[in-house]
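Residues 33 to 94 in the working numbering are what the sequence shown lists, from first letter to last.
C-beta: ideal position from N, C-alpha, C; glycine also.
Scroll down for the structure; my scribbles are underneath it.
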Amino acid sequence: MYKIDVLEKKRLEKGLSYTEIADRLGMHKVTVSRTLKGVTMKPRTVKLLADYLGVEMERIVQ
């Protein structure tokens, strides 16, 4: 399980939109949105987002 709210807070702190993140990581905006809202949590996607946002996995793994 992941504490996805940590990633969403970091996204907001950095002022990034779902579209900006998706474009940068080469994924669909819906994938980013659904992951950061906790709807879907594929480990690979969570790791990519954590790395991009500068959040260590230890902070979000429960």
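query	result
First and last residue of the uninterrupted alpha helix (DSSP H) at Leu44	36–46
Spatial neighbours of Thr51 in its chain, beta-carbon cut-off 6 Å, leaving aside the 5 residues before and after	Lys61
Completely contained alpha helix (DSSP H) runs for the stretch 42–94, where each covers 4 or more residues	50–57, 61–68, 75–85, 89–92
Span separating the alpha-carbon of Leu80 from that of Leu39	11 Å
C-alpha distance - Lys42 paired with Met89, whole-angstrom precision	13 Å
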